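See structure below.
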Amino acid sequence: MIFDATVEGRTIRVEVRGGGGRYSLSLDASPLEVDLVPIGRHFASLLVAGESHEVGIEKRPEGFVVHFPGDAVSVDLAEAARGVSAPVRRAHGPASLTAPMPGRVVRVLEAPGAEVAAGQGLVVIEAMKMENELKSPRAGRVLEVAVREGQAVEAGALLALVG
Amino acid sequence: MSAHAFRKVLVANRGEIAVRVIRACREMGILSVAVFSEKDRAALHVRLADEALPIGPAPSRESYLRIDRVLDAARASGAEAVHPGYGFLAENAAFARACEEAGIVFIGPRSETIALMGEKTSARREAVAAGVPVVPGMLEPLADEGEIAREAERIGYPVMLKAAAGGGGKGLRLVASPAELRPALARARSEAGGAFGDERVYLEKAIVRPRHVEIQVLADHHGHAVHLFERECSIQRRHQKVIEESPSPLLTPGLRERMGELAVALVKRTGYVNAGTLEFLVDEGRDPWFLEMNTRLQVEHPVTEMVTGIDVVKAQIRIAQGEPLAFRQEDLRQRGHSIECRVYAEDPDAGFLPSPGTILALRVPSGPGVRDDSGVYEGWTVPIDYDPLLSKLSVWAESRDEAVRRMRRAVAEYRVVGIKTTLPLFERVLAHPAFAAGDYDTSFLDTALAAGKTRRGREVEIAVAAAAIRAYEERRAARLSPVAGPAAASAWGAAGRREAHGRRLGSQG
């Protein structure tokens, strides 16, 4: 099975073969033999060339987040064999501001139509006793404000659209 | 005051500190009563307590901050005493007074002492009277903007604007020049009003490159007072502590002794009873300046417990029971070294943005010299309504160097999957040469964060391999067997099917 793995802005072609805990991988054509045992649903033990690695694994819509002791690495995956390409982030067009965590909208700082600079505060969300000012992802005009003051929002909810 | 052992204690708090107090009660043979909001029905403190009573909806002002409901719970359960933990009602003089009037022992100082030391400028006046050096500045809050500006000129810029009722970094503003005073004053007042219901502010000289060092004290009802040495708390973000240690690498034996004596002098002058902490700033010339007193148990008390061998929470309960302190100053020693890391549900790579949510998987470190004071568990959903502190990871070792190595080992074992935490930050701090040398001040964390992180190429390779193998197994399982059954190729394949199935059900509903 062949995947395109996007990690830290670069795409690696990954081929996986094998099963039952023993896998032969190639990462951009360089081979990697991996012994992997799942530890519950969210951990895995990997033996790679004699090195022992234990990682946490969290499923995301685009792929997985893999947790190391001091770090977490986000890996977006697309199955190349089915012709589905890795998601490409649009560099142009309207940019959306989404809630990075669940919380309550305390203040809406800019109304639709307002001209804003990149990094200018648009919406203030309160979570865990702290107010967090969420900033415009780009310079432009506020096209839409999707929330009202006092409203509760979930993580990932659209707050505003700037174009 | 005659000693009387408590039979039952109500814990007026939640999270890790409620768990900590419940554990002390259990070991002392005291029944514990938890209180909980609607969000906290399944919280760890409720699960561990002997009894538990609901006190209202999720917002803390309608539950954990409701003096009447907490007291009703105490009366209904027949608790003879209330432990307030820290935060919420812990430094609320009105709550302590309400307990006193209801004939319920408040495990902490007398309500008059809380009022006296809780108002920051009256605490400064008491310190001056006890001969304790205070940061140069005002001894009374001022309302008039012109007067504040003249006072700032007199003290000399840079100055700190502080809330008179303050704490926790709220209403705190560094003002570098006269032009910044006016807007800073407006923000500080509005923040202080919002946080404490009291807009009054005062000014202090800003100490450049300060170290934050505090002294733990214990005093009983029989006139005995001791200090349990210092805690070094200079690793902070937004004026809130993230890593603490004891002993402080900065203090000389002479300075340690002097600060301890100053602390005990202030305790004796104010007739302080129970556990408390005096916070000092230590400047570049190693001169200590009294900042404020916290009239409660401190979050970072474990490091003191580990180096002194004194259980601070049990000492609090024994003092409240009327017992005299079981040790004198000359009995107390600092042995070895202890470090604490605060595991917050915050993303250190996104400006410490809160990260509430469900803890999908949790692995807690153990082994020699490791202690984890946690308020959470695997499967628990960290609510958005309260403080983001999940747990406090502490270590003890014979030397500072060994303690740092032990903490790095423990941090590497600690895994939280599902929400972002401050764990990844600790390795960066602990591995930093300035931290290893003990040479850091309160600006350290910002500097360490600005330096960014280094990611090894090997981690990326392992991450890609782990993710690709999991995706491969999930897809194989889905193709082999469209319904869950014994043909499941692996735990992950089955898990993938369940997740896919769940999503389908979700989208239909």
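Heads up: the protein sequence lines correspond to chains Y and X, in order.
Here the first sequence stands for residues 1 to 163, where the numbers follow the working numbering.
Here the second sequence stands for residues 1001 to 1509, where the numbers follow the working numbering.
No residue lacks a Cβ here, since even glycine has one placed at the ideal position from N, Cα and C.
Given the structure is predicted, the values throughout are model-derived calculations rather than measurements.
query	result
Selection from X:1166, X:1475 and X:1386 that minimises the alpha carbon distance to residue 1354 of chain X	X:1386
For residue 1356 of chain X and residue 1191 of chain X, the rounded distance between their alpha carbons	23 Å
Residue from Y:54, Y:49, Y:34 and Y:28 with nearest C-alpha to residue 40 of chain Y	Y:54
Cβ separation of residue 1165 of chain X and residue 1200 of chain X, assumed to be a contact under 8 Å, to the nearest whole Å	7 Å
Residue 45 of chain Y versus residue 1415 of chain X: straight-line alpha-carbon distance, rounded	13 Å
Distance, residue 1321 of chain X Cα to residue 1028 of chain X Cα	12 Å
Residue range of the unbroken alpha helix (DSSP H) whose run includes residue 948 of chain X	Limits of chain X in this structure are 1001 at one end and 1509 at the other, which puts residue 948 of chain X out of reach.
Cβ-based neighbour list, residue 1116 of chain X, same chain, cut-off 8 Å, excluding 5 preceding and 5 following	1122, 1123, 1126 and 1270
Local Cβ density within 10 Å of residue 1501 of chain X, reported as buried at 16 or more and exposed below that	Here residue 1501 of chain X scores only 49 on pLDDT, less than 50, and its place in the model should not be relied on; the value that follows carries that caveat. Burial call: exposed.
DSSP three-state assignment for residue 128 of chain Y, whether helix, strand or coil	coil
From X:1441, X:1392, X:1397 and X:1106, residue whose alpha carbon lies closest to that of residue 1421 of chain X	X:1392
Opening and closing residue of the beta strand (DSSP E) in which residue 38 of chain Y lies	30-39
Contact under 7 Å by Cβ, residue 16 of chain Y with residue 1467 of chain X	no
Beta carbon proximity, residue 85 of chain Y to chain X, threshold 7 Å	Here residue 85 of chain Y scores only 47 on pLDDT, less than 50, and its place in the model should not be relied on; the value that follows carries that caveat. No, because no Cβ of chain X sits closer than 7 Å to the Cβ of residue 85 of chain Y.
Paired residues, beta bridge with residue 1290 of chain X - DSSP	X:1134 and X:1280
Outcome for residue 59 of chain Y when other beta-carbon atoms lying within 10 angstroms are tallied against a minimum of 16	buried
Residues that residue 137 of chain Y contacts on chain X, provided the C-beta gap is smaller than 9 Å	Residues of chain X passing the Cβ test: none, with the nearest at roughly 13 Å.
Listed by chain order, chain X residues near residue 69 of chain Y by CB distance under 7 Å	1411, 1412 and 1427
Contained beta strand (DSSP E) runs [length at least 3] in the stretch 1397-1442 of chain X, N- to C-terminal order	1415-1417
Beta-carbon proximity list for residue 1389 of chain X, same chain, < 7 Å, skipping 5 on both sides	1015, 1016, 1342 and 1344
Residues of its chain near residue 34 of chain Y, where Cβ-Cβ distance is below 7 Å and the 5 sequence neighbours each way are ignored	23, 25, 46 and 48
Strand pairing of residue 1308 of chain X, partner residues [DSSP]	None, per the DSSP bridge assignment.
Closest residue to residue 1154 of chain X among X:1136, X:1111 and X:1233 (Cα-Cα distance)	X:1136
Three or more C-beta pairs below 8 Å linking the stretch 1289-1300 of chain X and the stretch 1084-1098 of chain X	yes
Of the listed residues X:1220, X:1145, X:1222 and X:1376, nearest to residue 1048 of chain X (C-alpha basis)	X:1376
Residues of its chain near residue 133 of chain Y, where Cβ-Cβ distance is below 6 Å and the 5 sequence neighbours each way are ignored	121 and 124
Under the three-state DSSP convention, the category residue 1355 of chain X falls into	coil
Under 9 Å from the C-beta of residue 1141 of chain X: neighbouring residues of chain Y	Within 9 Å Cβ-Cβ: nothing; residue 1141 of chain X doesn't reach chain Y, min ~24 Å.
Within-7 Å CB hit, residue 1182 of chain X to chain Y	no
Beta carbon proximity, residue 1084 of chain X to chain Y, threshold 7 Å	no
Min CB distance residue 1044 of chain X to chain Y below 7 Å	no
Interface partners of residue 25 of chain Y on chain X, CB under 7 Å	1465 and 1468
Which listed residue (X:1144, X:1207 and X:1147) has its alpha carbon closest to that of residue 1574 of chain X	Absent from the structure is residue 1574 of chain X, since the part of chain X shown begins at 1001 and ends at 1509.
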